[in-house]
Amino acid sequence: MARRAAHGSLARLKRPITIAGGGLAGLSLAIALRRRGLHVTVLEAGHYPRHRVCGEFISGVSEETLRALGIADLFDDAHHHVSLAWHDRGRCFLTDKLPAPALGISRFALDERLRERFTGRGGELHTGTRARPEAADGFVWAAGRRPRPGRWIGLKAHVRITTTADLEMHSGSNGYAGLAGVEDGWTNVCGLFLLDREIPAKGADLLPAYLEAGGSTRLAAAIRAAEWREGSFSSVAGFELGPQPAVPGLLCVGDAESMIPPFTGNGMSMAFQAAERALDPLAAWSEGRQSWQETRVLIQDRLRKGFRRRLMAAALLHRALLHSGIRAAFGSLAETGILPFRPLLPLVR
Ligand SMILES: Cc1cc2nc3c(=O)[nH]c(=O)nc-3n(C[C@H](O)[C@H](O)[C@H](O)COP(=O)(O)OP(=O)(O)OC[C@H]3O[C@@H](n4cnc5c(N)ncnc54)[C@H](O)[C@@H]3O)c2cc1C
């Protein structure tokens, strides 16, 4: 009897949750928790709205997941991308259609909409606040990929440019870039390249310079000649793909847990899916129905099991994409019409 009473008073208490990182995983989780009436604080290092290095091409997330998080309507005016053209060093070797449309919306717009939804629902947001990863009850780490010495540089800008498909992929000897439409007629050009300190460029010119160095010379020239959206150029370096370094006892969601290679266009979907998978266990902890240790282990288990296969497949394909011989073989298969593009896609979803 006394035990039941204690359980009841804990449930009424609704323990507060703090989320470090107001990106897609952090804010979507925070919004969903607010819908359950829980007290949520988000600590975000940056400010909104802001451009972020991201392909802004959302593929593989279901309407049900977005609805479960209470954010489906935020995508009402997003592009629905269907057609795809893949170029290698300027030569188009594959055109196809995606089995399901991908969403196109800039991070400038999306993160701001999420912020607005969260604060509009009574959530507490502290911007310009850099949190530290600490294993504490009720503390969720959604602060994205962990800064560490890495081989990659990510570059992006919005430009006015004509494309031949909703998504144009351009692979080269040093990485790859995707072009996809976002709002107001802008095309997001976003690339992931092997860091090369010999490339003689600075600032925004890094984007065309890296494309040029990888063999996409025509695209580089078109981008140099195009109109650029003011303030949209962004760059990031100093990170690694795949599982991120773990801090014992720290609950991580989104890229903070594992970062899938960007060519999949699935990282943002994974951030939303991770939020959905964390939602019930966090609500159960907040309402006093389970311990933090049980909650953390349950969420980590769900994320590992749910994402393991696609992370492994994506890591292998990513390596293949950077290998000139394998890219040439892909090209030949595509030209003879037997590249198994459609069967490959579900492996990274
Ligand atoms: C080059 C490139 C291209 C990509 N293209 C695509 C694509 O086309 N499609 C796709 O689905 N995915 C793409 N991704 C991946 C996608 O951007 C991520 O998977 C997604 O942003 C993960 O969301 P997140 O919320 O986990 O992390 P983030 O969106 O990175 O959010 C983390 C947040 O935490 C904040 N933060 C960081 N440190 C702290 C701290 N100490 N304290 C408080 N706040 C902190 C950051 O400011 C940020 O707001 C791409 C990634 C790269 C690098």
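Okay, so the sequence shown: first residue is 737 according to the working numbering, each after it adds one.
Glycine included, C-beta positions come from ideal geometry on N, C-alpha and C.
1. Please report how far the alpha carbon of Leu779 lies from the alpha carbon of Arg1063, in whole angstroms.
2. Between Leu942 and Trp888, is the Cβ-Cβ spacing less than 8 Å?
3. Considering only heavy atoms of ligand 1, does any lie closer than 7 Å to the CB of Glu792?
4. Below 8 Å on the Cβ atoms is my contact criterion, and I expect Arg843 with His787 to pass it. Report the Cβ-Cβ distance as a whole number of Å.
5. Measuring alpha carbon to alpha carbon, tell me which residue in Ala937, Gln1009, Leu1058 is nearest Pro997.
6. Report yes if the CB atom of Gly826 is closer than 8 Å to the CB atom of Gly1001, and no otherwise.
7. To the nearest whole angstrom, what separates the beta carbons of Arg770 and Phe854, a pair I think is in contact under 8 Å?
8. Could you give the first and the last residue of the continuous alpha helix (DSSP H) run that contains Gly1003?
9. Exposed or buried, which one is Val1033 when buried takes at least 16 other CB atoms within 10 Å?
10. Taking 8 Å as the cut-off, decide whether the C-beta atoms of Phe1077 and Asp832 are in contact.
11. Among the residues of its own chain, which have a CB less than 6 Å from the CB of Phe975, if the five just before and after it don't count?
12. Select from Ala1049, Phe1066, Glu993 the residue whose C-alpha is nearest the C-alpha of Arg1038.
13. Could you pull out every residue in the same chain whose Cβ sits closer than 6 Å to the Cβ of Ile755, ignoring the five residues on either side in sequence?
14. Considering only the beta carbon of each residue, do Gly759 and Gly990 sit closer than 8 Å?
15. What does the alpha-carbon distance come out to for the pair Ala956 and Gly908?
16. Per DSSP, which one or two residues make a beta bridge with Ile935?
17. Take the Cβ of Glu963 as the centre, count every other Cβ of all protein chains shown within 10 Å, and call the residue buried at 16 or more, exposed below.
18. Would you mind giving the Cβ-Cβ distance between Leu1052 and Gly978, rounded to the nearest angstrom? I have them listed as a contact below 8 Å.
So, from the listed chains and residues:
1. What you label residue 779 is simply residue 43 of the sequence shown in a count that begins at 1. What you label residue 1063 is simply residue 327 of the sequence shown in a count that begins at 1. Leu779 and Arg1063: Cα-Cα distance of roughly 42 Å.
2. For the purposes of this step, residue 942 is identified with residue 206 of the sequence shown, where counting begins at 1. For the purposes of this step, residue 888 is identified with residue 152 of the sequence shown, where counting begins at 1. Contact: no.
3. Looking up residue 792 in the sequence shown gives position 56. Glu792: yes, Cβ under 7 Å from ligand 1.
4. For the purposes of this step, residue 843 is taken as the residue at position 107 of the sequence shown. For the purposes of this step, residue 787 is taken as the residue at position 51 of the sequence shown. Yes, they are in contact, since the Cβ atoms of Arg843 and His787 sit about 7 Å apart, within 8 Å.
5. As a position in the sequence shown, residue 997 is number 261, starting the count at 1. Selected option, being the one with the closest Cα: Leu1058.
6. Taking the sequence shown and counting its residues from 1, the one referred to as residue 826 is at position 90. Taking the sequence shown and counting its residues from 1, the one referred to as residue 1001 is at position 265. Contact flag unset, no.
7. The residue given as residue 770 occupies position 34 in the sequence shown. The residue given as residue 854 occupies position 118 in the sequence shown. Going by Cβ atoms, the distance from Arg770 to Phe854 rounds to 7 Å, so yes, they are a contact pair.
8. Residue numbering aside, residue 1003 sits at position 267 when the sequence shown is read from its first letter. Gly1003 -> alpha helix (DSSP H) spans 1003 to 1022.
9. Here residue 1033 is taken as the residue at index 297 of the sequence shown, counted from 1. Per the 10 Å Cβ criterion, exposed.
10. Here residue 1077 refers to the residue found at position 341 of the sequence shown. Here residue 832 refers to the residue found at position 96 of the sequence shown. In contact: Phe1077 and Asp832 (Cβ atoms closer than 8 Å).
11. Here residue 975 is taken as the residue at index 239 of the sequence shown, counted from 1. Hits under 6 Å: Arg881, Gly886.
12. Position 302 of the sequence shown, counting from 1, holds the residue named residue 1038. Of Ala1049, Phe1066, Glu993, the residue nearest in Cα terms is Glu993.
13. Stepping through the sequence shown from its first residue, residue 755 is reached at position 19. Cβ neighbours of Ile755 within its own chain (closer than 6 Å, five residues either side excluded): Gly762, Ala766, Val778, Val876, Ala878.
14. Taking the first residue of the sequence shown as 1, we reach residue 759 at position 23. Taking the first residue of the sequence shown as 1, we reach residue 990 at position 254. Contact flag set, yes.
15. Stepping through the sequence shown from its first residue, residue 956 is reached at position 220. Stepping through the sequence shown from its first residue, residue 908 is reached at position 172. Taking the straight line from one Cα to the other gives about 12 Å.
16. In the sequence shown, residue 935 corresponds to position 199, counting from 1. Under DSSP, Ile935 shares a beta bridge with no residue.
17. Taking the sequence shown and counting its residues from 1, one reaches residue 963 at position 227. Exposed, by the Cβ-count rule.
18. The count along the sequence shown starts at 1 and reaches residue 1052 at position 316. The count along the sequence shown starts at 1 and reaches residue 978 at position 242. Not confirmed; about 11 Å, so no contact.
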